[in-house]
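What follows is a single structure, written as structure tokens, with notes after it.
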Amino acid sequence: MSTMFAALDDLLRFDPGERGIGALHATATYDTPPVEAAARTLQEVATAGNAVLLTTGFPIPPDWQPETDGPPGTVVLARALQALGAQPVIVAEPRVEAPIDAAAEVCGLATLPFEPIPPDATTTATSEALLDRYEPGAVIAIERPGETADRTYRSMTGTDITAHVAQMDPLFALAREREIPTIAVGDGGNEIGMGRIRSTVEAKLEHGEQIAATTAVDHLVVAGVSNWGAYGIVAALEHLTGQARLHDPSTERELLAACCAAGCVDGRAGVAEPWVDGLSTAMHEHVVGLFGELSGHERTETES
């Protein structure tokens, strides 16, 4: 195992929010760190010039706006994939489009293709249509609600959020049937991808049996914050390609502020502040800086 990948794997276990990530991370980590396996898969996909479908957006009561965890990581990863030759497309509810656009502007992207999927869409048919249209090389979920055993969607405390979620689980099930690589990033046990470690979620987390997601993926990256998992994949891509693709701490601050201005809220407090999972902006800047130190690349203003 590369020292770089091992260091990234260690950083992803950082759990300042005390959410019990350690048990989930340990179960999801095999001989090859998931962040490395995901990055190697995406490097191949990007080199081939394939489309990549990415989905994010976790609705937070009472107004059901998307949380700040997910859109920043999705856009940073999409930017890296685009620079490497892939064609990223974001798939989510209409309310997620404004934060995605805001984050894309901060990252210097003119636009990112966006496929709006309303919560009441016929999801299996929609998923088949998306796969037929784009023929993606990979499908990725970053902090995306996953269906539970009773076919509902739940917050970490067990709140039923089903009415506000477009079901994306069929997209991943169909992709796996078609042997399209699937990747997911999560931090709570209730996201797409966590089906891979469902028994651990049920046994180790509060409300685990109620909230555990059932949809599995090929590569599951577990992190203390899902944005960090996406950044870890980008840092791993940097290591593989030798090209700086991660943003710097000041850009992280801009990303969080832009997403909040576009409608995102903190997932714990439910307010439009540039926090993620109740952790301050300064904390996220610090972690981004650590990822940058690990990757060893100096960042210019253009790259950030």
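Residues 1263 to 1566, numbered by the numbering used here, are exactly what the sequence shown covers, in order. Note that beta-carbon positions come from the ideal geometry of N, C-alpha and C, so glycine has one too. Because the structure is a prediction, the values reported are computed rather than measured.
Beta carbon of residue i nearer than 9 Å to that of residue j
{"i": "Q1327", "j": "V1527", "result": "yes"}
{"i": "A1340", "j": "L1316", "result": "yes"}
{"i": "A1498", "j": "G1554", "result": "no"}
{"i": "D1601", "j": "A1403", "result": "For residue 1601 there is no data in the structure shown, the boundaries of the chain being 1263 and 1566."}
{"i": "V1314", "j": "G1370", "result": "no"}
{"i": "T1543", "j": "E1514", "result": "yes"}
{"i": "A1492", "j": "T1336", "result": "yes"}
{"i": "F1267", "j": "E1306", "result": "no"}
{"i": "I1495", "j": "A1300", "result": "yes"}
7 Å Cβ shell around residue i - same chain, five flanking residues per side excluded
{"i": "H1426", "result": "P1321, W1326, P1381"}
{"i": "S1296", "result": "Inspection of the sequence shows that residue 1296 is occupied by Pro rather than by Ser. A1290, H1481, L1482, V1483."}
{"i": "G1282", "result": "K1466, L1467"}
{"i": "M1545", "result": "P1278"}
{"i": "G1388", "result": "The amino acid occupying residue 1388 in the given sequence is Thr; Gly does not appear at that position. These residues qualify, in order along the chain: I1379."}
{"i": "L1392", "result": "L1315, V1353, E1377, L1433"}
Candidates the options: closest to residue i by CA position
{"i": "V1447", "options": "L1274, G1370, F1267, M1266", "result": "L1274"}
{"i": "T1220", "options": "I1404, E1390, P1443, V1496", "result": "As shown, the chain starts at 1263 and ends at 1566. That puts residue 1220 outside it, with no answer to give."}
{"i": "G1551", "options": "G1532, L1467, L1508", "result": "L1508"}
{"i": "E1377", "options": "G1457, G1282, D1363", "result": "D1363"}
{"i": "L1541", "options": "G1279, A1268, P1361", "result": "G1279"}
{"i": "Y1292", "options": "A1308, G1311, D1271", "result": "D1271"}
{"i": "I1454", "options": "E1405, E1500, V1538", "result": "E1405"}
{"i": "E1471", "options": "S1417, N1489, P1356, L1433", "result": "S1417"}
{"i": "H1287", "options": "R1458, P1324, R1530, E1359", "result": "R1458"}
{"i": "R1357", "options": "T1384, L1517, A1428", "result": "A1428"}
Sequence-distant residues of its chain with Cβ nearer than 6 Å to residue i (five each side left out)
{"i": "S1375", "result": "Checking the sequence, you will find Pro at residue 1375 rather than Ser. These residues qualify, in order along the chain: V1351."}
{"i": "Q1344", "result": "P1350"}
{"i": "F1276", "result": "G1486"}
Same chain, Cβ closer than 8 Å to residue i, neighbours up to 5 away in sequence not counted
{"i": "C1522", "result": "T1330, A1534, E1535, P1536"}
{"i": "L1556", "result": "M1266, A1269, L1270, L1273, A1497"}
Three or more beta-carbon pairs under 8 Å between the stretch 1410-1425 and the stretch 1462-1478, yes or no?
-> The stretch 1410-1425 is in contact with the stretch 1462-1478.
Any contact of the stretch 1332-1352 with the stretch 1427-1439, i.e. 3+ C-beta pairs under 8 Å?
-> no
Length at least 3, wholly inside the stretch 1371-1421: the beta strand (DSSP E) runs in chain order | 1376-1378, 1400-1404
Pairing CB atoms from the stretch 1461-1475 with CB atoms from the stretch 1501-1520, are three or more of them under 8 Å?
-> no
Can you check the stretch 1485-1512 for any beta strand (DSSP E) of at least 3 residues that lies completely inside it and give the ranges in chain order?
-> none
Whole alpha helix (DSSP H) elements within the stretch 1436-1467, 4-residue minimum = Whole alpha helix (DSSP H) segments, 4+ residues: 1460-1466.
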